[in-house]
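*Asks:* Residue numbers (my numbering): 59 to 309.
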């Protein structure tokens, strides 16, 4: 199965403005992520979907494939689908699409190779990645997205910025999972997604994966072990604090 990796990159990030251009010890965040991904995938099959000329020129400057997309795309998934129309207009070159988040600087890209297998095995619309989460402060942190998942099957039933699932027996949160924003889609499901309106829950939580669940589509996850993400640094960069931690980690 032929796979294309698309990295969505939007300059107008809200919590950390222009985060993809932030310097991390001599290289920007997006360059570090691209170099990480191309260590696993053929660079010819890796593209960065940008929302403006400034990012486009920067991405081209370090040798990456840049694809211009509409700055008003409602979600990263919409941006992925729009970029794919340029990359593979006939829909004949690739079988699966990997969405590797442009701020996932501390995520091993090798795990995305398993996502296509999850799609095929479960007949799923979307495959993604989660990691066990035990730190109480991280569980309460709304910047860290949590997943309610049926561990025996890997099926995801909800995503939230709130602590989930709640354990009624002792009032705590057990079997909590951190959602890592890496996705794999089959082409049919991706094309369906972009025809659907932004969902009520999606708009409330600001989580695009909820659009799949709101419309009866299936989402399954690969559960990472702790070796895939170095615990000394955040998986992704959402705040200035995350950025400072990543700078220390890489240094």
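Where a beta carbon is used, it is the ideal one built from N, C-alpha and C, also for glycine. For clarity, every value in this text was computed on a predicted model and none was experimentally measured.
1) In whole angstroms, give me the CA-to-CA distance for residue 130 and residue 62.
2) Report, in whole angstroms, the separation of the C-beta atoms of residue 157 and residue 138, which I expect to be a contact under 8 Å.
3) Between residue 235 and residue 160, which are expected to be in contact by the criterion C-beta below 8 Å, what is the C-beta distance as a whole number of angstroms?
4) What do you reckon, are the CB atoms on residue 217 and residue 205 nearer than 8 Å?
5) In the structure shown, what three-state DSSP assignment does residue 120 receive?
6) Run through the region 194-263 for me and flag every whole beta strand (DSSP E) of 3 or more residues, listed as ranges in chain order.
7) Identify, in the order they occur along the chain, each residue of the same chain with its Cβ nearer than 6 Å to the Cβ of residue 172, setting aside the five sequence neighbours on each side.
8) For a minimum of 4 consecutive residues, which ranges assigned as the alpha helix (DSSP H) are wholly contained in the region 151-181?
9) In the DSSP assignment, what residue or residues form a beta bridge with residue 108?
10) For residue 64 versus residue 155, is the C-beta spacing smaller than 8 Å?
11) Does residue 61 come out as helix, strand or coil in the three-state DSSP assignment?
12) Just tell me which of 269, 84, 122 and 178 has its CA closest to the CA of residue 96.
13) For residue 95, name the three-state secondary structure that DSSP assigns.
14) Please say whether residue 67 and residue 113 have beta carbons closer to each other than 8 Å?
15) For my contact list, residue 277 and residue 182 are in at a C-beta cut-off of 8 Å; report their separation, rounded to the angstrom.
16) On the three-state DSSP scale, how would you describe residue 189?
*Replies:* Quick answer:
1) Position 72 of the chain shown, counted from the start, is the residue given in the question as residue 130. Position 4 of the chain shown, counted from the start, is the residue given in the question as residue 62. If I take the Cα positions, the gap works out to 23 Å.
2) Within the chain shown, the letter at position 99 stands for residue 157. Within the chain shown, the letter at position 80 stands for residue 138. With a Cβ gap of about 5 Å, residue 157 and residue 138 count as contacting.
3) Position 177 of the chain shown, counted from the start, is the residue given in the question as residue 235. Position 102 of the chain shown, counted from the start, is the residue given in the question as residue 160. Rounded, the Cβ-Cβ distance is 22 Å, inconsistent with contact.
4) Taking the chain shown and counting its residues from 1, the one referred to as residue 217 is at position 159. Taking the chain shown and counting its residues from 1, the one referred to as residue 205 is at position 147. Cβ distance < 8 Å, so residue 217 and residue 205 count as in contact.
5) Numbered from 1 along the chain shown, position 62 holds the residue referred to as residue 120. In the structure shown, residue 120 sits in coil (DSSP, three-state: anything other than H, G, I, E or B).
6) 204-208, 213-218 and 235-244
7) As a first step, residue 172 must be located in the chain shown, where it is residue number 114. Excluding positions up to five away in sequence, the list reads 280.
8) 170-180
9) As a first step, residue 108 is located in the chain shown; it is residue number 50 there, counting from the start. DSSP, once it has assigned bridges, lists 67 and 126 as partnering residue 108.
10) Counting from 1 along the chain shown, the entry for residue 64 is found at position 6. Counting from 1 along the chain shown, the entry for residue 155 is found at position 97. A contact, by the Cβ cut-off of 8 Å.
11) Translated into the one-based positions of the chain shown, residue 61 becomes position 3. Reduced to three states, the DSSP call for residue 61 is strand.
12) Looking up residue 96 in the chain shown gives position 38. Comparing Cα positions, the closest option is 122.
13) On the chain shown, position 37 is the one that residue 95 refers to. Helix at residue 95.
14) Along the chain shown, read from residue 1 onward, the residue named residue 113 stands at position 55. Along the chain shown, read from residue 1 onward, the residue named residue 67 stands at position 9. Taking 8 Å as the Cβ cut-off, residue 113 and residue 67 qualify as a contacting pair.
15) Within the chain shown, the letter at position 219 stands for residue 277. Within the chain shown, the letter at position 124 stands for residue 182. Right, the Cβ-Cβ distance comes to about 7 Å (below 8 Å), so this counts as a contact.
16) Position 131 of the chain shown, counting from 1, holds the residue named residue 189. Strand at residue 189.
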